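Residue numbers (my numbering): 670 to 903. Each residue gets a CB set at the ideal place from its N, CA and C atoms; glycine is no exception. All of these numbers come straight from a predicted model, not from anything done at the bench. Written below as structure tokens is the structure these notes are about.
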């Protein structure tokens, strides 16, 4: 398995960032998650959607998801190439979280998602922000790029979307990232986001989760992540 597959298949049960992020996903009805990894996003939003389709390009990840959710009729698993895919079903919400930066053709993914959206459906996207911050962690996990607001707005509008909101998120992570990547030249490691359930990790998780939840509903001038909520143009 690749470094990316190993990372995606890891234990994210204590990931404060992911829990806060999932609280921001809009919609109900049918959900399609692009690049699902270990499927943890689907479990976080499970109660809010009538059906959830998890997908990934990696055959190893897909097989892992099928084994994990084989008895859950509400959850489906598809093997999809994120850059170009067709689905029979239409979805009320499609999530593309930390996926576009891996793709040579990010526009192809956006067009496929647009065609898979139901009428008035919502696309929820997250990508890493600021090309200046491109570093060792990006290289390790196969990121082609990081995005500015201008970059993301352009590719969304060119591929048939009207943008409802576009904003920075995870402001609190910028300083640790800069220190680690740009000063010490080491990939940022966040132990509190791993499966470590020690007392210190629990305290850190609760503190950082609270801050990110505040950020989710408050404008911040910068952040490690860009979030976009869009609908396809009529």
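- Here residue 795 is not near residue 843, since their CB atoms are 9 Å or more apart.
- Close CB contacts of residue 778 within its chain, under the 6 Å cut and outside five residues either way in sequence, are with 751, 752 and 772 (chain order).
- Residue pairing for residue 691: DSSP places it in no beta bridge.
- Annotated three-state conformation of residue 785 is helix, per DSSP.
- For residue 755, the secondary structure class from DSSP, reduced to helix, strand or coil, is coil.
- Annotation: the continuous alpha helix (DSSP H) that includes residue 807 extends over 805-809.
- Here residue 831 really is in contact with residue 902; their C-beta atoms are around 5 Å apart, less than 8 Å.
- When the five nearest sequence neighbours on each side are left out, the beta carbons in the same chain lying within less than 8 Å of the beta carbon of residue 839 are those of 686, 881, 884, 892, 893 and 894, in order along the chain.
- Non-local beta-carbon contacts of residue 747 in its own chain, meaning distances under 7 Å to residues more than five positions away in sequence, involve 722 and 724 in chain order.
- Residue range 818-827 is occupied by the alpha helix (DSSP H) that includes residue 819, with no beta strand (DSSP E) assigned at that position.
- Counting along the chain, residue 743 sits inside no alpha helix (DSSP H), nor does DSSP assign it H or E at all.
- Taking the CA atoms as reference points, residue 691 sits about 13 Å from residue 886.
- For residue 796, the three-state secondary structure derived from DSSP is strand.
- With 16 or more other CB atoms across the displayed protein chains lying within 10 angstroms of its CB, residue 694 is buried.
- Taking residue 850 as the centre and dropping the five residues before and after it, the same chain places the C-beta of 802, 804, 805, 806, 856 and 857 closer than 8 Å to its C-beta, in chain order.
- Annotated three-state conformation of residue 773 is coil, per DSSP.
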